[in-house]
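K.L.:
Dropping the structure in here first, questions after.
There are 2 protein chains.
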Amino acid sequence: MTYCLAISVNKGLVFASDSRTNAGVDYVATYSKMTTFVFPQNRSLVLLTSGSLATSQAVINAIKTDLNDPDAEFNLCKGKYLHEVAKYIGQLSQKEQKQHAEAMEKSKASSESSFILGGQIAGQPCEIFLIYPQGNYITASTETPYLQIGENKYGKPILDRIVSANTSLEDAARCAIVSLDSTIRSNISVGPPIELAIHSNNVIEAPYRTSLSNNSVMYKSVQKHWNEGLKRAFNKLPRFDWEKPSAK
Amino acid sequence: MTYCLAISVNKGLVFASDSRTNAGVDYVATYSKMTTFVFPQNRSLVLLTSGSLATSQAVINAIKTDLNDPDAEFNLCKGKYLHEVAKYIGQLSQKEQKQHAEAMEKSKASSESSFILGGQIAGQPCEIFLIYPQGNYITASTETPYLQIGENKYGKPILDRIVSANTSLEDAARCAIVSLDSTIRSNISVGPPIELAIHSNNVIEAPYRTSLSNNSVMYKSVQKHWNEGLKRAFNKLPRFDWEKPSAK
């Protein structure tokens, strides 16, 4: 499984993804699920992938092939609006899945992949899109300024409590790390390193990127502070009538 | 949907359940999913239900019918061990589902129900069991001292961080409320009131029970303190290199 997340705030975009893939329980591996495509001053895009690794990799290969093919009908550099790029990726995904549909059905396996595409085209606002396995797509809303793919439930409560359009980029990034970390602790199919990308509004360059492994100072510090903070918060919860008042 | 939870600690057992049921999105209702069966000095049992409301209600009716039938082969009062009672409930559930299997298949609906049974038989330890729709069942472990049915993912991270066998009954109950509240905030198919039951080890009487509606002083206080505590914890997370040090 996988857990990927994109958050859209007024100041820009935050992307986060885990790095564990598995085929059944006995073939577990570490793969990046975050790819950046940067064309300075023109567009800066981040693509997160979840689902069939074969489909995800094939889509990324097709994107790269189209970029190198001067005769390609469309590529990542074309399209004035980000939703045109989302549509293109949905089409690549569907095309790839259809090639293997019959064989996949026979083996009762799934070749479905979901994607989050986000970034900014010069002159346009920052945007994020969730592209479904069927090729259609949605964007986030002001009220729910994030999109998730994969194992999305464990890490949702903290997003619902913290994130709004006014959240700073750094706070959104910290919230993403906590959301990923909560998922990693509760679900063995989601694992480190956590990849993080931060795109500042109207900075059409490579986003800030970092990878948080279990040994990363930042990741260890977030884990420690969050764990301690949660326990402090928990210890301050109200007592039942029959309990002595809390000493805290 | 539903979210029910049982926690087993050294001092006893905590049970919690939400109260929302829905058939599709347009028939939403409030039903208790917690039933207690108390035979003082003999056994005190709590049953939590999730899944098909028809199956859950039929199982509870069958339990009550057997209790009033002197010729019943087995009933809740019989059985020296709690796992025998779990097996009995699994059998009632399977029997009920089989009666409607053909019709349910035709309408592509599910009559599956899951149950959590917990409590204590005099002279035996406190125990909790998760009874699957197929009638088989599992108990908790010292390492993972809780069982969940229904929408279990949103509320799992807090359990994984807080609960162990040494947790006090009151802390386990507070953790249950937070776990339910996080789920209620993130999933519209889970809703208040939260029903709570606390069974103290070796007290074979009716458990302490309370119902936390949105207007409950205790529930409002937990929500307020938890929200504030989480935000405080969040604000103390480490800064990125380029940020000014936190003022806190």
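From first to last, the protein sequence lines stand for chains Z and X.
Residue numbers for the first sequence follow this note's numbering, so the first one is 781 and each next one is one higher.
Residue numbers for the second sequence follow this note's numbering, so the first one is 781 and each next one is one higher.
Glycine residues also receive a C-beta, built at the ideal position from the N, C-alpha and C atoms.
1. Mind listing the chain Z neighbours of ASN1007 of chain X? Cutoff is C-beta to C-beta under 7 Å, in chain order.
2. Considering Cα atoms alone, identify which of Z:LYS860, Z:ILE843, Z:THR990 and Z:VAL839 is closest to LYS878 of chain Z.
3. Please list the terminal residues of the continuous alpha helix (DSSP H) segment that includes ALA842 of chain Z.
4. I want to check one thing, is the minimum distance from the CB of LEU1010 of chain X to the heavy atoms of the ligand MG below 7 Å?
5. Look at the Cβ atom of VAL847 of chain Z, then the Cβ atom of ASN841 of chain Z, and state whether they are nearer than 8 Å.
6. Can the beta-carbon of CYS784 of chain X be found closer than 8 Å to that of SER830 of chain X?
7. Going along chain X in order, which residues have a C-beta closer than 7 Å to the C-beta of SER1001 of chain Z?
8. Taking all protein chains shown into account, decide if LYS1028 of chain Z is buried (16 or more other Cβ within 10 angstroms of its Cβ) or exposed.
9. Where do the N-terminal and C-terminal ends of the alpha helix (DSSP H) with SER966 of chain Z fall, by residue?
10. Decide if VAL805 of chain Z is buried, meaning its Cβ has at least 16 other Cβ atoms within 10 Å, or exposed.
11. Helix, strand or coil: how does DSSP classify ARG941 of chain X here?
12. DSSP beta-bridge partners for PHE909 of chain X?
13. Beta strand (DSSP E) containing PHE817 of chain Z: first to last residue?
14. State yes or no: is the beta carbon of ALA786 of chain Z nearer than 8 Å to at least one beta carbon in chain X?
15. Is the shortest distance between the beta-carbon of ALA1013 of chain Z and the beta-carbons of chain X less than 8 Å?
16. Quick one: does ARG800 of chain X have its CB under 8 Å from some CB of chain Z?
17. Alpha carbon to alpha carbon, how far is VAL997 of chain Z from GLN1003 of chain Z? Give it in angstroms, no decimals.
18. Are any of the Cβ atoms in chain Z nearer than 8 Å to that of PRO937 of chain X?
19. How about LYS933 of chain X and LYS933 of chain Z: do their beta carbons lie closer than 8 Å?
20. When you compare the CB positions of THR816 of chain X and ALA956 of chain X, do they come within less than 8 Å of one another, or not?
21. Compute the Euclidean distance between the alpha carbons of LEU910 of chain Z and ILE978 of chain X, then round it to the nearest angstrom.
22. How big is the Cα-Cα spacing for GLU907 of chain X and THR845 of chain Z?
23. Between which two residues does the alpha helix (DSSP H) holding GLU876 of chain Z run?
24. Chain X beta carbons: is any one of them nearer than 8 Å to that of LYS1024 of chain Z?
25. So for LEU1010 of chain Z, helix, strand or coil by DSSP?
26. Under a CB-based cut-off of 8 Å, is SER996 of chain X close to chain Z?
27. Decide yes or no for the touch test of the region 919-928 of chain Z against the region 943-952 of chain Z: beta carbon pairs closer than 8 Å, at least 3 of them.
28. Would you decide whether PRO905 of chain Z is buried or exposed? Buried here means 16 or more other CB atoms lie within 10 Å of its CB.
29. So with CB distances below 8 Å, who are the chain X contacts of GLU950 of chain Z?
30. Thinking C-alpha only, which one of Z:PHE795, Z:LYS936 and Z:SER991 is nearest ILE968 of chain X?
31. Can you name, in chain order, every residue of its own chain whose Cβ lies under 8 Å from the Cβ of SER873 of chain X, other than the five neighbours on each side?
32. Hey, could you find the ends of the beta strand (DSSP E) THR990 of chain X is sitting in?
33. For the region 915-927 of chain Z, list every residue whose C-beta sits within 7 Å of some C-beta in chain X, in sequence order.
P.N.:
Taking the coordinates as given:
1. ARG941
2. Z:VAL839
3. 833-848
4. Among the components of this structure there are no ligands whatsoever, and the ligand MG is therefore not found.
5. It should be noted that the sequence gives Leu, not Val, for residue 847 of chain Z. The answer is no: Cβ separation not under 8 Å.
6. yes
7. PRO1018
8. Summary for LYS1028 of chain Z: the model assigns pLDDT 47, below 50, so the residue's position carries little reliability; its value from the coordinates is reported in the next sentence. The residue is exposed, with fewer than 16 neighbouring Cβ atoms inside 10 Å.
9. 949-966
10. exposed
11. helix
12. X:LEU897 and X:THR919
13. 814-819
14. no
15. yes
16. no
17. 10 Å
18. yes
19. yes
20. no
21. 43 Å
22. 60 Å
23. 862-879
24. no
25. helix
26. no
27. yes
28. exposed
29. ARG1019, PHE1020 and GLU1023
30. Z:LYS936
31. THR835, VAL839, SER893, PHE895, ILE911, PRO913 and GLY915
32. 988-992
33. none
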